[in-house]
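Residue numbers (my numbering): 38 to 314. Just so it is clear, CB atoms sit at the ideal spot from N, CA and C, and this is done for glycine as well. Because the structure is a prediction, the values reported are computed rather than measured.
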Ligand code: SF4
């Protein structure tokens, strides 16, 4: 926590009293996307929709377009749906209770506890990829934490400070340590504030098996991304021949377009496809 004070990045969603909506938006955007790519979209998004009711009143197609190239664009649709529920059922205010947050579309165990912690100063065991990696190295001596296991949250909770404000700051600090120093590759152990405590470093940093990383080029995911970018760049219907040029392999294109329609990211329209209204 002492390290975090001077080391923390100055990020807009960490400003004091920032409120539930900016924190929820930032957490959803950060679920799969690095900070540097999130920042400009986050600023535009909140400039345009400073409250859930404003987003709920917009079309879902606008949300998908504004999502830009953040990836995993179903998040935009879910955030739009969540905004509608917040406006309709919670008086326009992002709920503070984890149970209520978990009922919102696109909000899972991590996001619900992160919002309750960072926006509302509650005490929770928050577990994201970074925190799991730091705790796995410090306490278990494992290079990579592996898949989630029963009891992870209970174990993580055992080292969270008791007072809610201290717990929130501790959580932000461990997350930041994982992002800045305790990285998956080439961790900066020489500058790490807990290097004397860390079981993995003390064991000489033995490497565990590591996944080879996911191939992207030529995958259905790339096809979806390319086709959605084509739809986003057009105000109306994109004709089939244009989509054929965007992604030539026919089977994969049909599969990707069907997936986009099923996920609420596109609709069929005369002679082509477009973003939903
Ligand atoms: S000493 Fe290295 S591996 Fe251990 S917590 Fe610090 S950065 Fe991570």
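* Pick out the complete alpha helix (DSSP H) segments inside the segment 76-109, 4 residues or longer, and give them in chain order. => 89-94, 97-104
* Just to check, is the beta-carbon of residue 232 closer than 7 Å to a non-hydrogen atom of the ligand SF4? -> Here residue 232 refers to the residue found at position 195 of the chain shown. Checking the Cβ of residue 232 against the ligand SF4 gives yes.
* **Distance, residue 314 Cα to residue 295 Cα** => Along the chain shown, one-based indexing puts residue 295 at 258. Along the chain shown, one-based indexing puts residue 314 at 277. If you take the alpha carbons of residue 295 and residue 314, they lie about 18 Å apart.
* Pairwise C-alpha distance: residue 41 and residue 306 -> Along the chain shown, read from residue 1 onward, the residue named residue 306 stands at position 269. Along the chain shown, read from residue 1 onward, the residue named residue 41 stands at position 4. For residue 306 and residue 41, the distance between alpha carbons rounds to 52 Å.
* Per DSSP, what kind of secondary structure is residue 253 in: helix, strand or coil? -> The residue you call residue 253 lines up with position 216 of the chain shown. Three-state result, residue 253: coil.
* **Alpha-carbon to alpha-carbon, residue 233 and residue 257** => Mapped onto the chain shown, residue 257 falls at position 220. Mapped onto the chain shown, residue 233 falls at position 196. Cα to Cα, the separation comes out at about 45 Å.
* Asked: Quick one: what's got a C-beta closer than 7 Å to residue 273's C-beta in the same chain, skipping five residues either side?
  -> For the purposes of this step, residue 273 is taken as the residue at position 236 of the chain shown. So the qualifying residues of the chain are 311.
* To do: Say yes only if the C-beta of residue 225 is nearer than 7 Å to one or more non-hydrogen atoms of the ligand SF4, and no if none qualify.
  => If you number the chain shown from 1, residue 225 lands on position 188. True, at least one ligand heavy atom lies under 7 Å from that Cβ.
* To do: Sort out for me which residues DSSP pairs residue 304 with in a bridge.
  => Against the chain shown, residue 304 aligns to sequence position 267. According to DSSP, which records beta bridges pairwise, residue 304 is partnered with 311.
* Asked: Are the beta-carbon atoms of residue 155 and residue 210 separated by less than 8 Å?
  -> Along the chain shown, one-based indexing puts residue 155 at 118. Along the chain shown, one-based indexing puts residue 210 at 173. Against a cut-off of 8 Å, the Cβ pair of residue 210 and residue 155 comes out as no contact.
* **C-alpha gap between residue 292 and residue 224, whole angstroms** => Indexing the chain shown from 1 puts residue 292 at position 255. Indexing the chain shown from 1 puts residue 224 at position 187. Answer to the nearest angstrom: the Cα atoms are 40 Å apart.
* Give the single residue among 128, 289, 269 whose Cα lies nearest to the Cα of residue 100. => Counted from its first residue, the chain shown places residue 100 at position 63. Nearest option by C-alpha distance: 269.
* Determine the contact status of residue 92 and residue 117, defining contact as a CB-CB distance below 8 Å. => Position 55 of the chain shown, counted from the first residue, corresponds to residue 92. Position 80 of the chain shown, counted from the first residue, corresponds to residue 117. Result yes, Cβ atoms of residue 92 and residue 117 sit closer than 8 Å.
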